[in-house]
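S.K.:
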Amino acid sequence: MRLTYDLHIHSALSPCGDEDMTPNNIVNMAYIKGLDIISVTDHNTVQNVEVIMKVAKKRDILVIPGIEVTTKEEVHILCYFRNTEDSKEFQDFIYRGLPNIKNNEKLFGRQLLMDENDNIIGKVDKFLLNSTKYTIKEINDLVNRLNGALVPAHVDKKSYSILANLGFIPNELNIKTVEVSSNYFSLSTKILNSLNGYNILKNSDAHYLGDINEPVMFLDLEKKDINSLIEYLNKSWRNKG
89 MRLTYDLHIH
99 SALSPCGDED
109 MTPNNIVNMA
119 YIKGLDIISV
129 TDHNTVQNVE
139 VIMKVAKKRD
149 ILVIPGIEVT
159 TKEEVHILCY
169 FRNTEDSKEF
179 QDFIYRGLPN
189 IKNNEKLFGR
199 QLLMDENDNI
209 IGKVDKFLLN
219 STKYTIKEIN
229 DLVNRLNGAL
239 VPAHVDKKSY
249 SILANLGFIP
259 NELNIKTVEV
269 SSNYFSLSTK
279 ILNSLNGYNI
289 LKNSDAHYLG
299 DINEPVMFLD
309 LEKKDINSLI
319 EYLNKSWRNK
329 G
């Protein structure tokens, strides 16, 4: 099946996310734009994912449980899971690794929990933009144990990317898929050479509704379900040169 996607969207739970990024607004914008699959990947938390999955069922949009983690190396990585139970177990692990620092709402924005009617039902007090105490390898090990998929985020950026901060993608991580923020054809030769042999996702990293992907990026999956997506992200499609 040829399916349109955006696997990197922030809700109003991320302090940097616009407060219009509510469950219904995200799902309805994805529906208007003609997307088949989305993932809401808030910073270091999955607490708005389950409600967004409920809302998306009304629109026949598949939602992948996901999270964007900031590692000890200050690298952003996207982690995807087969069910909400696994994503919550992973979140609990990540949350324990965050510094016990309270969010400054005036400086960074509110971290909003919402219900399926877009009502604000609470806030997260701990500041979610901090780096965790865990290395990429430690996080990768847990993602693998939970049968999820790990995808380095926006590897072409000059900050918070695995290539910018480490200079390379460690082979021991056995990563199959990476995310870029730019159009593939505008990437530098150096970046393209670094990505030879990896599957490439082009997500929006949307913090505002209008930034969510247009239906121009496609994945070829066996079925429109979470397991097929995870298997796709973990499958090697090309030989690394």
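Take 89 as the starting number for the sequence shown in the working numbering and just add one per residue. Here a beta-carbon is modelled for each residue, glycine too, at the ideal position from N, C-alpha and C.
When the Cβ atoms of the region 199-210 are set against those of the region 248-258, are three or more pairs found closer than 8 Å?
M.R.: no
S.K.: Quick one: residues in its chain with C-beta nearer than 8 Å to the C-beta of F178, no 5 flanking neighbours on either side, listed in chain order?
M.R.: V134, I155, C167, F169, L230, V231, L234 and G236
S.K.: Using C-beta distances below 8 Å, list every residue in its chain close to L275, excluding the 5 sequence neighbours before and after it, in chain order.
M.R.: D244, V268 and L283
S.K.: CA-CA distance, L186 and V212?
M.R.: About 13 Å.
S.K.: Measuring straight from C-alpha to C-alpha, what distance separates K145 and E107?
M.R.: 22 Å
S.K.: I'd like to check one pair, N136 with T220: are the Cβ atoms closer than 8 Å?
M.R.: no
S.K.: In the DSSP assignment, the alpha helix (DSSP H) including E193 goes from what residue to what residue?
M.R.: E193 to F196
S.K.: Just to confirm my understanding: we take T223, look at its own chain, exclude 5 residues before and 5 after, and list those with CB closer than 7 Å. What are they?
M.R.: T159, K160 and E161
S.K.: Which of the three DSSP states, helix, strand or coil, is assigned to F169?
M.R.: coil
S.K.: Are the region 120-129 and the region 295-307 touching by the rule of at least three beta carbon pairs closer than 8 Å?
M.R.: Judged by Cβ distances under 8 Å, the region 120-129 makes contact with the region 295-307, as three or more pairs qualify.
S.K.: Span of the alpha helix (DSSP H) holding S46?
M.R.: Absent from the structure is residue 46, since the part of the chain shown begins at 89 and ends at 329.
S.K.: Return the residue from the list Y183, G298, D293 and I227 that minimises the CA-CA distance to K94.
M.R.: At residue 94 the sequence reads Asp, which differs from the Lys that was named. It is D293 whose Cα lies nearest to the Cα of D94.
S.K.: So which of D308, I279 and V151 has the shortest CA-CA distance to K246?
M.R.: When D308, I279 and V151 are compared, the shortest CA-CA separation from K246 is found for I279.
S.K.: Going by beta carbon distance, what residues of the same chain come within less than 7 Å of V115, once the five residues before and after it are set aside?
M.R.: I140, V143, A144, R147 and I149
S.K.: To the nearest angstrom, how far is it from the Cα of N281 to the Cα of I209?
M.R.: 46 Å
S.K.: Using a Cβ-Cβ cutoff of less than 6 Å, which residues in the same chain neighbour N262 once the five nearest sequence positions on both sides are dropped?
M.R.: none
S.K.: Determine the direct distance from the alpha carbon of H164 to that of L317, and round the result to whole angstroms.
M.R.: 20 Å
S.K.: Could you name the residues of the same chain whose beta carbon sits closer than 8 Å to that of I288, not counting the 5 residues immediately before and after it, in chain order?
M.R.: The beta carbon of I288 sits closer than 8 Å to the beta carbons of T265, V266, E267, V268 and Y272 from its chain, once the five residues preceding and following it are set aside; these are given in chain order.
S.K.: Please state if the CB of C104 and the CB of L217 are separated by a distance shorter than 8 Å.
M.R.: The criterion of a C-beta distance shorter than 8 Å is satisfied by L217 and C104.
S.K.: With DSSP as the reference, label Y119 as helix, strand or coil.
M.R.: helix
S.K.: Fully enclosed by the region 276-319, which beta strand (DSSP E) runs are 3 residues long or longer?
M.R.: Counting whole runs of 3 or more residues, the region 276-319 contains the beta strand (DSSP E) stretches 287-290 and 306-308.
S.K.: Express the C-alpha separation of A118 and V151 in angstroms, rounding to a whole number.
M.R.: 11 Å
S.K.: In its own chain, which residues sit with a C-beta less than 8 Å from the C-beta of I189, not counting the 5 before and 5 after it?
M.R.: K214, F215 and N218
S.K.: Taking the alpha-carbon positions, what's the R90 to K311 distance?
M.R.: 9 Å
S.K.: If we call anything under 8 Å between Cβ atoms a contact, is N307 one with Y286?
M.R.: Note that residue 307 corresponds to Leu in the displayed sequence, not to Asn. No, Cβ-Cβ distance for L307 and Y286 is not below 8 Å.
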